[in-house]
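Protein chains in written order, with the working numbering: chain A, 104 to 613; chain B, 13 to 311. Where a beta carbon is used, it is the ideal one built from N, C-alpha and C, also for glycine. Note that the coordinates shown come from a computational prediction; the quantities given were computed from them, not determined experimentally. First the structure, in the form of structure tokens, and then the observations on it.
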Amino acid sequence: MSDQSLYAPRVPIFPRRVSGGYRTLKWWIMGVTLAIYYLTPWLRWDRGPNLPEQAVLVDMVNRRFYFFWIEIWPHEFYFVAGLLVMAGLGLFIATAAMGRVWCGYACPQTVWTDLFLVVERWIQGDRNARMKLHTARWDLRKLRLKGTTWLVWLLIALATGGAWVFYFTDAPTLARELVTARAPGVAYFTIAVLTFTTFVFGGFMREQICIYMCPWPRIQAAMMDEGTLTVAYRDWRGEPRGKGLRRQAAGDLRVAGPVIGGRSPLIPMPGLPNTTTGAALLAEGRDTRPPGDCIECNACVNVCPMGIDIRDGQQMACITCALCIDACDQVMDRIDRPRGLIDYVALSDAPREAAGGAPVPAWRHVLRPRNIAYFLVWAAFGAALVFALFIRPDIEMTVAPVRNPTFVTLADGSVRNAYDVRLRNKNGEARDFRLSPALDTEAEIAVEGHEGAVVRVPADTQDRVRVYLTAPADTAMARAAASDARLWVEDLSSGDRAHVDTTFNGSDNR
Amino acid sequence: MSERRIDPVTGTETTGHQWDGIEELNNPLPRWWLWTFYATVAFSLVYVVLYPAIPLLRTATGGVLGWSTRGDVAQKIAAANAGQAEMRELLVSTDLAMLDRDDALSSFASNAGAAVFRTNCSQCHGSGAAGAVGYPNLLDDVWLWGGTIDDIAYTVRHGIRNEDDPDARWSEMPAFGQILEDEEIATLVAHVQSLPGGQDPLAGPGGELFDMNCSACHGTDATGDRTIGAPNLTDAIWLYDNSTERLTDLISNGPFGVMPAWGMRLSEAEVRAVAAYVHGLGGGEAPEAPAPDAGDMPE
């Protein structure tokens, strides 16, 4: 039917600088998140002589995760799983309460794009200058400006990729090795990959990542409801829109947002009054309503890092960064109209507000039963993790009875069971552990290769030893099919004791 | 084909597909997506040239790099062997009786020995080394030929009743079915069955028969002789079980258990490693000579 191209080129976006409450908040979040990312590996933490002194360290080689005073061993991976569950639930809460607030404020793609935009603006100038430069012929000046921008981006990207690898090994050591070209190849490779992705994603892909690559917008759409606060245009206040003297001139009005680039269609979400109807009536000269507050200054469109028009209604490409709110509020102040033509509004408020009702305060949208339920689940996980952290024992032993064979008969007729025992020493120095059976047992204990059942476990390691319990011939234990047994472990340097219950198989066990 | 049209709300062409009135918009793909697709195609062409790729009737194209998963494994095994070479040499040159003085070496030996055991020994002795009827249990404290680590290494190296190795352990119990009457064998069976219970080997109905036929190897106290592999008959362990049928058969026809001379198939380092592993299974005995009363291994 039409000769529409199968492929669409990216339409470049040149967001204008804006200032306001949300922009200030975003500067702070950007500063704090970037500082956390770049500086965390350099924080030191004293753990004693044999342990790393990096505060946050993911030690893959030795299978340890250090977080300040917390040390996670592989068998405690449930802490990490719990944190991931909390992160997931946290996104549930944020999305149900305030829509794509993560996308708009804290997502690395948003933060780094924002940072790259600062660089771009600093070197090339604001929106108009950048647009002019973009369409200008390639000459020395354009080459210099674009080249400088890309160089700074590349340096930021390099620092970003560089910071990542510091989380996995001692940062100062690796930094020295990196500079002197003695670092492992995988470090250089990781830095190269992350430098490339940061440079391309933050400098050139930008909104394309959010629209085409990220699965999160699709999931979020399912987690929002009509009570969720999202960035919206109060069209009942703004329409019919128009510019100055020509505001009544019908032909000037936009009926619906154009499809920009390959972006998804800009269809208003169900529930919002259809903006086309009023405008269409106006276009036909039959709308006799007084002009609305929107003066079609396009400030909201010009500041948008996604290049969309929020007045088209809720749409997939909107990351709710709220910069259009700041831009519109400035204009409303200037024309002496109340702020909030573009604002955080819930869909459920639209019909009531349109009919003249007062706005519902934001906290009533945040403190809804659904969000409170999410929060309670989230808090329960958090409390459980903290609880688990505090009841972690200092001495840890796991006992696995050897079942091949279940028991061994010895020359004197006594019956012996073997156990694979893992002893974990979480201290910074080697410690001696003495293993013993329960006091009232008939069985005697021996540890393969360790006199007196005392095992020395080196600092911060786990040792596996084979422990034997031997029940003398003709005792009840030796004859029974199975009886209860208990192994005690004592940390000889601290005197702490712990025990594990297990089973002893007698000669009747066949 | 169904009808394509321009969607009035978005101004986008539809694909003509519709489900219950919901129409699919024909949004164009981003151009960079197309370039990414071309890049993957280019990558695959390079890959096909460099690596094994296209299956043929009997084999596949090899790729100019000559890389293969098998070659990769062989390379890694070679690298692992090279990395262990030093420990192997140390293991061969170390006196086995002194092995437990070196924690790293003894841990290397018993881990390597566990692998050797699983591959070569578990078929007869079981994956848990608990043995089977006629195949000794290596976990207990009873040894036919001695339980020090050197004894075990010798047995592994030269085997038992192995004619290919002149140094093999050699035990020879006659088939008493050709020497004794059936009633005499029955009497001996009952006598042997009562030995672990404290029966005097030389007394009772079978005492005289035992003295004349068995005590030469098993001893007048029936505790056996390790130098000729004669088992102790007074302990609780039976290499074959103690049922009347089994013992009658054993005494009548003789036991002729064999074990390969592993020194002919395994390297000296592997023999020593598996000896260290077996010695550490719970029944290993301390070397006799150096320190008297050095404390035995678990009973």
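Quick one: which chain A residues come within Cβ less than 9 Å of residue i?
i: N149 of chain B; result: P508, V511 and T512
Does residue i come out as helix, strand or coil in the three-state DSSP assignment?
i: G28 of chain B; result: strand
i: L332 of chain A; result: strand
i: M88 of chain A; result: Not covered by the structure: residue 88 of chain A. The range shown for chain A is 104 to 613.
i: N474 of chain A; result: helix
i: L146 of chain A; result: coil
i: N608 of chain A; result: strand
i: R569 of chain A; result: strand
i: D237 of chain B; result: strand
i: G360 of chain A; result: Here the model assigns G360 of chain A a pLDDT of 41, short of 50, so the residue's position is not dependable and the matter cannot be decided.
i: G157 of chain A; result: Residue identity differs from the one stated: residue 157 of chain A is Gln in this sequence, not Gly. Looking at Q157 of chain A - three-state DSSP - the assignment turns out to be strand.
i: P20 of chain B; result: coil
i: A430 of chain A; result: helix
i: M419 of chain A; result: coil
i: E58 of chain A; result: This structure cannot settle anything about residue 58 of chain A, because the visible part of chain A is limited to 104 through 613.
i: A90 of chain B; result: helix
i: Y181 of chain A; result: helix
i: A457 of chain A; result: helix
i: W241 of chain A; result: coil
i: V603 of chain A; result: strand
i: I249 of chain B; result: coil
i: L526 of chain A; result: strand
i: E174 of chain A; result: strand
So with Cβ pairs under 9 Å, would you call residue i a contact of chain A?
i: P208 of chain B; result: yes
i: P40 of chain B; result: yes
i: A161 of chain B; result: According to the sequence shown, residue 161 of chain B is Ile rather than Ala. No, I161 of chain B does not count as interfacial toward chain A.
i: N174 of chain B; result: no
i: D84 of chain B; result: no
i: D152 of chain B; result: yes
i: L245 of chain B; result: no
i: S118 of chain B; result: yes
Does the Cβ of residue i have 16 or more other Cβ atoms within 10 Å, making it buried, or fewer, making it exposed?
i: N520 of chain A; result: buried
i: D153 of chain B; result: buried
i: A142 of chain B; result: buried
i: W256 of chain A; result: buried
i: P343 of chain A; result: buried
i: T246 of chain B; result: buried
i: R181 of chain B; result: buried
i: G125 of chain B; result: buried
i: H468 of chain A; result: buried
Using a Cβ cut-off of 8 Å, pull out every chain A residue sitting near residue i, in sequence order please.
i: A142 of chain B; result: N507, P508 and V511
i: W44 of chain B; result: R113, M308 and Q311
i: D233 of chain B; result: The premise fails here: D233 of chain B is roughly 14 Å from chain A at the closest Cβ pair, so nothing lies under 8 Å.
i: D112 of chain B; result: G552
i: I249 of chain B; result: T512, L513 and A514
i: S316 of chain B; result: An answer regarding residue 316 of chain B cannot be provided, because it is not within the stretch 13 to 311 covered by chain B.
Of all the CB atoms in chain B, is at least one closer than 9 Å to the CB of residue i?
i: P112 of chain A; result: yes
i: Q212 of chain A; result: no
i: Y140 of chain A; result: no
i: A184 of chain A; result: no
i: Y85 of chain A; result: Here chain A covers residues 104 to 613 and nothing more, so residue 85 of chain A does not appear.
i: G410 of chain A; result: no
i: D515 of chain A; result: yes
i: S108 of chain A; result: yes
i: L356 of chain A; result: Low confidence applies here, because L356 of chain A scores a pLDDT of 40, under 50, leaving its location unreliable; read the following figure in that light. No, its Cβ sits nowhere closer than 9 Å to a Cβ of chain B.
i: Y571 of chain A; result: yes
i: A576 of chain A; result: yes
List, in order along the chain, the chain A residues whose C-beta lies closer than 7 Å to that of residue i?
i: A109 of chain B; result: Going along chain A, no residue has its Cβ under 7 Å from A109 of chain B, so there is no contact; the nearest lies around 15 Å.
i: S139 of chain B; result: N507
Residue i touches chain B at which residues, Cβ-Cβ below 8 Å?
i: Y315 of chain A; result: P42 and W45
Which bits of chain B does residue i rub up against, with CB to CB less than 9 Å?
i: A521 of chain A; result: L151, L293 and G294
(message) As an exercise, report each continuous alpha helix (DSSP H) stretch of at least 4 residues that is fully enclosed by the region 189 to 237 of chain A, in chain order.
(response) 211 to 227
(request) Report the residue ranges of all alpha helix (DSSP H) runs contained in full by the region 115 to 142 of chain A; include only those spanning at least 4 residues, in chain order. (result) 124 to 142
(request) List in chain order: all unbroken alpha helix (DSSP H) runs of 4+ residues lying wholly within the region 116 to 197 of chain B. (result) 134 to 137 and 161 to 170
(message) At 4 residues or longer, what runs of the alpha helix (DSSP H) sit wholly inside the region 257 to 302 of chain B?
(response) 280 to 291
(message) Please give the ranges of any alpha helix (DSSP H) in the region 37 to 86 of chain B, keeping only runs that are unbroken, at least 4 residues long and fully inside the region.
(response) 43 to 62
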